[in-house]
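**Student:** Just passing along the structure, written as structure tokens.
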DNA sequence: TTGAAAGCGTTACCAG
DNA sequence: CTGGTAACGCTTTCAA
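Residue numbers (the numbering used here), protein chains in the order written: chain A, 162 to 500; chain B, 162 to 500.
Below, the structure written as structure tokens:
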């Protein structure tokens, strides 16, 4: 049925070892036989069985991707296809494949990861969600299996790729302040992610720097893609300190906020200004187009793969991280406040 | 280093075959030894090597996913994470893994597919893009390899999962007509996809049914997520037959249209109404929330996997397709036109 | 109910 | 430069 290395060998009148050698290329084989074997492979439509190969070389040339639990909204964020694009590009360049974790809850996820790792299906793993106290992370560490995280982990000695979230949030807030805003609310996502903390930190720093007071009542956090958004936003606006601007940690959440504001008869940017994060594809498509912090999602993914290869090939070197630069892109969701 | 079936066997005082049997479970093994072996496996942290297993059983329990070329915008559409969620759920239920195609152009894609298929990395394949005359499709057919498409192919005898796009477009158009619109424009996506054709067809049928004229000048198609959108929309509106409503084949594109309209000083739904397709996550987050046709993307993915298993396990049965129902969800992008 | 041995398709080592 | 052989870790007859 399927043509193996032996078939090719027989047909070409050489030994299987020889065929194997011309496949890997590097060995010293006469040009003559090389050509002949190649021709036979072509004619017979031969392609090596990756399982057999992996079994002996102990490397699968595939990397495992651990995604957010698919039950979560995170999974639906357009952030995700974009990292995937970066990861895919880098993997492709090295001839690596991508194996995805399925699994909706932590239990299922753990199972698929174990299967990947111990089942020898992957050479390394990329963790796509930086949950605090992630059991998967603990497992990978204990196994001393090569992995890198996208997003900053709380633990030490872990290789990761991230943006400098506190600085970028600080700059974004500073921008709002320069635009004349004095009362700025912070809308963060799931507090289980470090990115939420970091951006809040940057926000606070900018406030402090400008001599503006920090009001805990002006920070909202949680899953803002769900229903609750409207009430939360309204509660916030009915406060004495009514904010004139919002710093929102995610473009999608910004859409939710804009929508909630609109229901209250408030327009962006006329009545309220918004700066968000991520600059996903739809940020420029929305109404109004969002002023948002570009975090180079593609690079996040691309660099994660680079770092992973580092860990795979030089397991002895110390863990490290790379920070991807960010950049505020001005569109139309912020209004300059006159004095 | 890594613990194999032999280690477990030795430790448990049985033969490797026995261990193999307790793993597969089904064979007749005394409860006594079963328990003992299980215990040893647990203690030693044994997990089967999938490569070795695949090599002999000739099945990898993983399905290959062929994605749109990652250079395309399609790739960034939130449609994608949602199908993936459906596919992942179904795969997980059966203990299957997912292997992703990387590859930015057709050449690279073909290569990764060949590696998956001939390299025996997957048991079957799901094609995520229904391009017309897809070379991958031709290859898969020739190889007689189990695969299913998400989206209707032009070719015959191919198993696929899709919505009834002509009917759903017809109903959506009819809805607009019932809302009092008489001049409706059609904005379609990439004409290389059958879905674009089908929806255009449904649009025409509804027009005809209502005795409204079909004006080719009122149909736009192409990659509307890119810059060109603004000019195209403006050109359309400067026509004699100025449309009061748009039927847009994708939510993301609808955002683009809304944005273009706004630049021209036109509001949705006050000045122009819009019905789009897909009901992706952000449809209800946008301003205004989109009236859109829900196509059950999750089901599309989920059912694709079901069908794939059918093909894998019963290769002899004829190709077939399943149609997922659609449903118009009314939100706020359509205004009723008074007589 | 269990064990021995062959074999899955490769690669790699050792001879020649 | 090339061939023979063992080994990778597992499943699956065939015997016992």
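No residue lacks a Cβ here, since even glycine has one placed at the ideal position from N, Cα and C.
Opposite residue 407/A in the DSSP bridges: which residues?
**Tutor:** On the first chain, residue 407/A is found 246 positions in, with the first residue counted as 1. 346/A and 435/A.
**Student:** Does the Cβ-Cβ distance between residue 480/A and residue 318/A come in under 8 Å?
**Tutor:** Counting from 1 along the first chain, the entry for residue 480/A is found at position 319. Counting from 1 along the first chain, the entry for residue 318/A is found at position 157. Yes, Cβ-Cβ distance for residue 480/A and residue 318/A is below 8 Å.
**Student:** With a threshold of 7 Å on Cβ separation, who are the neighbours of residue 378/B within its own chain once the five nearest residues in sequence on each side are excluded?
**Tutor:** As a working note, residue 378/B is residue 217 in the second chain. Hits under 7 Å: 400.
**Student:** Taking three-plus beta-carbon pairs below 8 Å as touching, is the region 300-317 of chain A in contact with the region 340-351 of chain A?
**Tutor:** The region 300-317 of chain A vs the region 340-351 of chain A: no contact.
**Student:** Tell me which residues share the same chain as residue 371/B and place their Cβ nearer than 8 Å to its Cβ, disregarding the 5 neighbours each side in the sequence.
**Tutor:** The residue labelled residue 371/B in the question sits at position 210 within the second chain. Closer than 8 Å at the Cβ level, and outside the excluded window around residue 371/B, lie 335 and 338.
**Student:** If the cut is a Cβ gap below 7 Å, which residues of chain B does residue 413/A touch?
**Tutor:** Along the first chain, one-based indexing puts residue 413/A at 252. 443 and 446, listed in chain order.
**Student:** Counting pairs of Cβ atoms below 8 Å between the region 266-278 of chain B and the region 279-288 of chain A, do you hit three or more?
**Tutor:** No contact exists between the region 266-278 of chain B and the region 279-288 of chain A.
**Student:** Would a C-beta distance cut-off of 8 Å place residue 469/A and residue 259/B closer than the cut-off?
**Tutor:** By one-based count along the first chain, residue 469/A stands at place 308. By one-based count along the second chain, residue 259/B stands at place 98. In this structure, residue 259/B does not lie closer than 8 Å to residue 469/A by Cβ.
**Student:** Does the distance from the CB of residue 299/A to the CB of residue 466/A come in under 8 Å?
**Tutor:** As a first step, residue 299/A is located in the first chain; it is residue number 138 there, counting from the start. As a first step, residue 466/A is located in the first chain; it is residue number 305 there, counting from the start. For residue 299/A and residue 466/A, no; Cβs fall outside 8 Å.
**Student:** May I ask you to list the residues that DSSP assigns as paired with residue 225/B?
**Tutor:** Numbered from 1 along the second chain, position 64 holds the residue referred to as residue 225/B. Residue 225/B pairs with 260/B and 286/B.
**Student:** Along chain A, which residues have their Cβ under 9 Å away from the Cβ of residue 423/B?
**Tutor:** In the second chain, residue 423/B corresponds to position 262, counting from 1. Within chain A, the residues near residue 423/B are 448 and 449.
**Student:** Any beta carbon of chain B sitting closer than 8 Å to that of residue 212/A?
**Tutor:** Indexing the first chain from 1 puts residue 212/A at position 51. Yes, residue 212/A lies at the interface with chain B (some Cβ there is under 8 Å from its Cβ).
**Student:** Does chain A have any CB closer than 8 Å to the CB of residue 200/B?
**Tutor:** Walking along the second chain from the start, residue 200/B turns up at place 39. With 8 Å as the cut-off, residue 200/B does not count as an interface residue toward chain A.
**Student:** Just the C-alpha distance for residue 374/A and residue 424/B, rounded to the nearest angstrom, thanks.
**Tutor:** Within the first chain, residue 374/A is the residue found at index 213, counting from 1. Within the second chain, residue 424/B is the residue found at index 263, counting from 1. Their backbone Cα atoms lie some 37 Å apart in a straight line.
**Student:** For residue 179/B and chain A, any beta-carbon pair shorter than 8 Å?
**Tutor:** On the second chain, position 18 is the one that residue 179/B refers to. Chain A, which has no Cβ nearer than 8 Å to the Cβ of residue 179/B, makes this no.
**Student:** Where do the ends of the alpha helix (DSSP H) carrying residue 355/B lie?
**Tutor:** Numbered from 1 along the second chain, position 194 holds the residue referred to as residue 355/B. Its alpha helix (DSSP H) spans residues 355-370.
**Student:** Compare the C-alpha of residue 293/A against each of 356/A, 277/A, 234/A and 279/A and name the closest.
**Tutor:** Residue 293/A sits at position 132 when you count from the first residue of the first chain. If we check each option's Cα against that of residue 293/A, 356/A comes out closest.
**Student:** I want to verify the contact list: residues of chain B whose CB lies under 7 Å from the CB of residue 279/A, in sequence order.
**Tutor:** For this step, residue 279/A is matched to residue 118 along the first chain. Result: 208.
**Student:** With a cut-off of 8 Å, do at least 3 Cβ pairs link the region 203-220 of chain A to the region 232-243 of chain A?
**Tutor:** The region 203-220 of chain A vs the region 232-243 of chain A: no contact.
**Student:** Please state the DSSP three-state secondary structure of residue 425/A.
**Tutor:** Looking up residue 425/A in the first chain gives position 264. DSSP places residue 425/A in coil when its eight states are reduced to three.
**Student:** Output needed for residue 262/A: all residues of its chain with C-beta closer than 8 Å, excluding positions within five of it in sequence on either side, in chain order.
**Tutor:** Along the first chain, one-based indexing puts residue 262/A at 101. So the list reads 225, 226, 227, 228, 270, 273, 274 and 277, once near-sequence residues are dropped.
**Student:** Go through the region 439-478 of chain A residue by residue and report every complete run of the beta strand (DSSP E) that reaches 3 residues or more, in order.
**Tutor:** Segments of the beta strand (DSSP E) lying fully in the region 439-478 of chain A: 452-455.
**Student:** Under 8 Å between the Cβ atoms of residue 211/A and residue 169/A?
**Tutor:** As a working mapping, residue 211/A is identified with position 50 in the first chain. As a working mapping, residue 169/A is identified with position 8 in the first chain. Contact: no.
**Student:** Please report the straight-line C-alpha distance between residue 249/A and residue 463/A, rounded to a whole angstrom.
**Tutor:** For the purposes of this step, residue 249/A is taken as the residue at position 88 of the first chain. For the purposes of this step, residue 463/A is taken as the residue at position 302 of the first chain. Computed Cα separation, rounded: 8 Å.
**Student:** For residue 404/A versus residue 344/A, is the C-beta distance shorter than 8 Å?
**Tutor:** Within the first chain, the letter at position 243 stands for residue 404/A. Within the first chain, the letter at position 183 stands for residue 344/A. Yes; because the gap between Cβ atoms is below 8 Å, this pair is in contact.
**Student:** Buried or exposed: which applies to residue 305/A, given that a residue is buried once 16 or more other Cβ atoms fall within 10 Å of its Cβ?
**Tutor:** For the purposes of this step, residue 305/A is taken as residue 144 along the first chain, with counting starting at 1. Classification of residue 305/A: exposed, given that the 10 Å Cβ count is below 16.
**Student:** If you scan the region 170-232 of chain A from start to end, which runs of the beta strand (DSSP E) of 3 or more residues do you find wholly inside it?
**Tutor:** Runs of the beta strand (DSSP E) inside the region 170-232 of chain A: 223-227.
**Student:** What's the C-alpha gap between residue 221/B and residue 215/B?
**Tutor:** Position 60 of the second chain, counted from the start, is the residue given in the question as residue 221/B. Position 54 of the second chain, counted from the start, is the residue given in the question as residue 215/B. Their Cα atoms are separated by approximately 5 Å.
**Student:** So with Cβ pairs under 8 Å, would you call residue 260/A a contact of chain B?
**Tutor:** Here residue 260/A refers to the residue found at position 99 when the first chain is read from its first residue. Closer than 8 Å: yes.
**Student:** Strictly under 8 Å for the Cβ-Cβ distance: is residue 237/B near chain A by that measure?
**Tutor:** What you label residue 237/B is simply residue 76 of the second chain in a count that begins at 1. Chain A, which has a Cβ nearer than 8 Å to the Cβ of residue 237/B, makes this yes.
**Student:** Looking at residue 447/B: is its Cβ nearer than 8 Å to the Cβ of residue 416/A?
**Tutor:** Position 286 of the second chain, counting from 1, holds the residue named residue 447/B. Position 255 of the first chain, counting from 1, holds the residue named residue 416/A. The answer is yes: Cβ separation under 8 Å.
**Student:** So residue 483/B is in the beta strand (DSSP E); what residue range does that whole segment cover?
**Tutor:** Sequence index remark: in the second chain, residue 483/B carries index 322 (1-based). Segment 482-485, the beta strand (DSSP E) holding residue 483/B.
**Student:** Answer with buried or exposed for residue 138/B, where buried requires no fewer than 16 other C-beta atoms within 10 angstroms of its C-beta.
**Tutor:** For residue 138/B there is no data in the structure shown, the boundaries of chain B being 162 and 500.
**Student:** Leaving aside the five residues before and after residue 433/A along the sequence, list all residues of the same chain whose C-beta is less than 7 Å from its C-beta, in chain order.
**Tutor:** Within the first chain, the letter at position 272 stands for residue 433/A. Taken in chain order, the residues that qualify are 405, 406, 407, 422 and 427.
**Student:** Is there a Cβ of chain A sitting closer than 8 Å to that of residue 409/B, yes or no?
**Tutor:** Taking the second chain and counting its residues from 1, one reaches residue 409/B at position 248. No - not a single Cβ of chain A is within 8 Å of the one on residue 409/B.
**Student:** Is residue 456/A closer than 8 Å to residue 419/A when the C-beta atoms are compared?
**Tutor:** Position 258 of the first chain holds residue 419/A. Position 295 of the first chain holds residue 456/A. No, the pair does not count as a contact, with Cβ atoms beyond the cut-off.
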